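To start, the structure itself, in structure tokens.
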Amino acid sequence: MARSLNLHDIQGNVVRAYGRFSFPFARYFFFNISEAKAGRRFVDEVRQNVTTAARWPEQADKPQCTVNIGFTFFGLYQLEVPARTLKGMPHEFAEGMKDRAFVLGDRDVTKVAQDDPNWDEQWDQIWKDNRKPGTGGAHDVHIWISLNAQLETPGTDTPVSALEERTQWLRDLCEASNGGVRLLATQGQDGTAEYQAASAVFEQHGDISLPTPKEHFGFADGIGDPVFDGQLPETKAKDGAIGRGKFVDGKWVPIATGEFLLGHPDESQELPPSAMPPEFSQNGTFMAYRKLHENVSSFHDVMAQEAARFAKVMQISEGEADATLRAKMCGRWADGVPLAHKPTYEEWQKFRAEKDFDNKDPIKALELQMSYLRSPDASNFRYADDMPGFKVPGGAHIRRMNTRDYLDPLNKGGVDGDGKPYPNDGASHALNKRRRVLRRGLPYGASDPTQNDDTTEQGVVMMVIGASLFRQFEFVQQQWVQYGLDFHQGNNTCPMVGEHRHHQRHTIPSDPKTGKPPYVMSKLKTFVECRGGDYFFIPSMTALRMIAIGNVDPT
Amino acid sequence: MPDLDSGHIFLTTFAPILDSGAQAAQPVSFTQAARIALAKMPTAMQSPATQKSGTTSPFAASKRTHLARMFVLNDTIYNGRESKNALLSILSRDDPAVSKPVDRLNTSYLVFCAEIDAVTEDGAALPDQLNAQEQRDVRRSYACSLWETMEADLRAVYVNCVGFDTVRTADDFADYLDRCHVPTTMPFHDYYLEPPAFNKLPWIWLLTLVVVPLLFTLIAFALRIFGVGSMPLIGMNTLTAFLLGLALTVGAGALAARFILSNGDKPLPPAEFDDLPSVLKSLYLQQHFADFVVEAQGSSPQDLHQQFGEFLKTHKPRDRNEPTQVPGVIDARNC
């Protein structure tokens, strides 16, 4: 790109997944504004401590604890952002995530609304109260603030004290607002938490506690996040785009900035539609906050049943069957090695040995795994050469979330005379690059798996960022996660994060040359369920200043 | 390729809606009344709300209708004034300050489109080709079958249309729909299991037909310019040869163009298994076979053989008519 991004104007959470920058702890706070002036004063105080995307250390000092802020549609309304600006906001943002439950598959899509009045029964109190009809918005979520913190001491699982200091600072700001801004302390399943805490899953090795890249089902997570133009320094951009950008003329290049930041050209060579004035929207973006509960017991029970049957059908050990099934659901082995590179258990085991992932020293082993996951190798693969899904099943999780070159209409299904899939080396990402999302967030819940079951609190706080929630997040969620037609999977949903009330199957194709039959998993349950959330506008620093001083001139 | 393609008729009809201004006073316009009647007509059972209603589209009674759509076309969409290059506007004295006429339809229309099997008997084999009269027969048969199964629904909508007051019987309705018929030029077929056998053009023959007389003409022209009076070998006067060649080239070009257009008009043959009973049966089988595969996973060869035998006996893959999925639902298990 000819001109670099104004990183000081962009909030840091857009550009960085903090978890990958040694911030393994987070707290997510939500506030209600009842008085506009107090709300603006609150925003003014917070904005002066917001962590921007300025690069560490050359453009800014790396903080001990980051601060980021976003607003719901009614948050902006309460802050008296002018109507002309508000009417330029996208309809899905105005409606909010609760109203989009049918589209997102959060409520039963086989029922009409009046037959499913308690569909959000499992949501946390804060989200049940949010936008509740008849309450006049008294409990609505208006502001989201996230704090991400570093470790106090490596080898422990304690955050820096700055995390609690910042928490107290937010409490004090509310106190000073005389009720104009209220911290909504109704989070969690018991509805009493001040904030949603999140942290990496830690593993205990003797006295040492190590943060891992895993979520609670045991998979390494957050590997293939997209890379956009201007996000990374030039020295890192080339490698960073491999497997995470788009494939053009035989090489990987970053995705257009406008896919993730308003006010920049996007992949259709347009400026994404945005609210007036331009300086209010530019460098801002939208975010879906979703608390995703993981039913770990159901997951392990179903896997045990399926693995027993898979082992019998494939005539392999149950251990191999379990690891293979998990990989065939996800598209990566549990340690993050892509099936596209190591499609069989034997190849994977050999690769692990080569990479020394099982080094006796757990710190060394983790370092080796992390170094691999962050290398281009872990993301550099395609699907156009695997149309039958012999390596990565068509309905696997990562194939749905990021379709890469799979949807090129010139890809050819089936196999050639030698039984090999057709390669289509020049396959394009054209039908994928407008559907990418940035994923931010961390797991939440106890790190010790023995403490967790379906009823305890564990999962992932997921924040999905993109210039259009409708075109990117909602499309992926509705069409690719909760439906299977684009992957020739009929009504089947994503085996890992899809809704399985009605469709419990996942098909695992088999290369006929192996002599093994395909296998259909058929006992899937809903392993991941939403516990609430909403849509937020993540303004630029300029827009934050405009909101804080109450001077947004849309003319 | 109007109307008939791949063994299906792509029916399009436009019935003009009565002009309320020209009729006796009434509480709603005929266009409104047509929309109200359409809003009351149930759609197929394809969403939670329609499944819950328990009523299905009256078109689901047909064993020939793949897709039906009925709507009010209020007017043409005005795209704004035709834009023109500013310099050309000045030269052609097109004053942008003077309004231009706006194209409008003379009335609103009730549009009825349907993709149907091009047959006169339910379940008959799809034809490769039908002449104009045979196509008319298919449309007539279809109109009569609709009248027999959904007369009240049709009356409720069409009563708002010009000339419908004389329709009393199925034959009258068929005549009426025929008067409203508009040939379509854009059929869309989506059931191909493999690419169809396209009507390929004999390009080499067509090019030869045009290029040979053209070359003859050019040679005659060149010789004439260089002062040669007669054609070598044949001895014909070069001017005569040029004129003759030119006439032949134009004639051959016209013939070739006509051939190309008539080739484009030729319908493609039906694909395999794409009559409605076969499509419904395949949807039924697809769902039950998927269930069977899941159930039979890991069975011994003997058990599998026996289970598959039972599957064949129960679901009768070769019998298009039953058991099968009924029209108008999206899940065979809801039948």
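Line order of the protein sequences matches chains W and S. Heads up: the first sequence begins at 7 in our numbering, then just goes up one per residue. Heads up: the second sequence begins at 17 in our numbering, then just goes up one per residue. Think of the CB as a built atom: it goes at the ideal place given N, C-alpha and C, for glycine as much as any other residue. Keep in mind that this is a model prediction, so the values were computed, not measured.
Given a cut-off of 8 Å, decide if residue j and residue i are closer than it, judged by their beta-carbon atoms.
i: W/ASP272; j: W/ALA473; result: yes
i: W/HIS211; j: W/PRO368; result: yes
i: W/THR58; j: W/MET547; result: yes
i: W/ASN55; j: W/ASP146; result: no
i: W/ASN289; j: W/ASN74; result: no
i: S/ASP21; j: S/PRO203; result: yes
i: S/PRO343; j: S/SER78; result: yes
i: W/ALA402; j: W/ASP414; result: no
i: W/PRO232; j: W/ARG250; result: yes
I'd like the span of the beta strand (DSSP E) that includes residue i, first residue to last.
i: W/ASN38; result: 31–39
i: W/TYR541; result: 534–544
i: W/ALA294; result: 291–300
i: W/GLY447; result: 444–450
i: S/GLU131; result: 125–133
i: W/GLN640; result: Only positions 7 to 561 of chain W appear in the structure, and residue 640 of chain W is not among them; the question remains open.
i: W/VAL87; result: First-last for W/VAL87: undefined, no H or E at that position.
What does the alpha-carbon distance come out to for the pair residue i and residue j?
i: W/GLN70; j: W/THR173; result: 13 Å
i: W/ASP135; j: W/GLN128; result: 12 Å
i: W/MET469; j: W/GLU265; result: 16 Å
i: W/HIS3; j: W/ASP424; result: Coverage of chain W is limited to positions 7 through 561, which leaves residue 3 of chain W absent and any answer about it impossible.
i: W/GLU2; j: W/GLU352; result: Past the boundaries of the shown model lies residue 2 of chain W; chain W is included only from 7 to 561, so the question cannot be answered.
i: S/CYS129; j: S/VAL135; result: 17 Å
i: W/TRP62; j: W/ILE555; result: 29 Å
i: W/THR198; j: S/GLN48; result: 55 Å
i: W/HIS506; j: W/LEU448; result: 24 Å
i: W/ARG177; j: W/GLY465; result: 26 Å
i: S/GLN149; j: S/ASN337; result: 29 Å
i: W/ASN430; j: S/PRO211; result: 20 Å
i: S/ASP194; j: S/ALA287; result: 27 Å
i: W/ALA384; j: S/PRO218; result: 52 Å
i: W/VAL187; j: W/GLU312; result: 50 Å
i: W/GLN478; j: S/THR185; result: 53 Å
i: W/GLN65; j: S/PRO112; result: 55 Å
i: W/PHE108; j: W/VAL487; result: 13 Å
List the endpoints of the continuous alpha helix (DSSP H) containing residue i.
i: W/ARG477; result: W/ARG477 -> no alpha helix (DSSP H), and no H or E assigned at all.
i: S/LEU231; result: 219–241
i: S/TRP163; result: 148–174
i: W/VAL503; result: From DSSP, W/VAL503 is part of no alpha helix (DSSP H); its letter is neither H nor E.
i: W/ALA182; result: 167–182
i: S/ILE276; result: 254–281
i: W/TYR378; result: 368–379
i: S/CYS196; result: 186–196
i: W/ASN19; result: 18–21
i: S/PRO317; result: 317–331
Measuring CA to CA, which of the options is closest to residue i?
i: S/PHE232; options: S/GLY243, S/GLN341 and S/LEU262; result: S/LEU262
i: W/ASP492; options: W/ASP178, W/MET407 and W/PRO545; result: W/MET407
i: S/LEU162; options: S/THR330, S/THR81, S/ALA55 and S/THR254; result: S/THR81
i: W/LEU157; options: W/GLY504, W/ARG26, W/ALA371 and W/HIS435; result: W/ARG26
i: W/TYR83; options: W/GLN54, W/HIS347, W/MET103 and W/GLU41; result: W/GLU41
i: S/LEU142; options: S/ASP188, S/LEU284 and S/SER316; result: S/LEU284
i: W/ILE151; options: W/ALA144, W/SER183, W/ASP196 and W/GLU200; result: W/GLU200
i: S/ASP291; options: S/GLY23, S/ALA102 and S/THR92; result: S/GLY23
i: S/GLN67; options: W/ALA89, W/LYS117 and W/ARG9; result: W/LYS117
i: S/THR165; options: S/ARG349, S/PRO74, S/LYS332 and S/ALA273; result: S/PRO74
i: W/VAL52; options: W/GLY76, W/ALA60 and W/LYS68; result: W/GLY76
i: W/PHE286; options: W/ASN417, W/VAL87 and W/ILE514; result: W/VAL87
Given residue i, which residues of its chain have a CB within under 6 Å of its CB, disregarding the five upstream and five downstream residues?
i: W/THR409; result: ASN438
i: W/PRO217; result: PRO30, ALA206 and PHE208
i: W/PHE481; result: ARG441
i: S/LYS282; result: ASN215
i: S/VAL178; result: PRO32 and LEU34
i: S/ALA268; result: LEU225, VAL226 and PRO229
Can you list, in chain order, the residues of its chain with a C-beta nearer than 8 Å to that of residue i? Leave out the 5 residues immediately preceding and following it.
i: S/ASP110; result: LYS100 and LEU104
i: W/ALA371; result: ASP362, PHE363, ASP364 and ASN365
i: S/ALA213; result: LEU284 and PRO285
i: S/PHE327; result: HIS304, PHE305 and PHE308
Please go through the same chain and pick out, in chain order, the residues whose beta-carbon is closer than 7 Å to the beta-carbon of residue i, but skip the five residues on each side of it.
i: S/THR254; result: ALA236, LEU239, ARG240, VAL244, GLY245, SER246 and MET247
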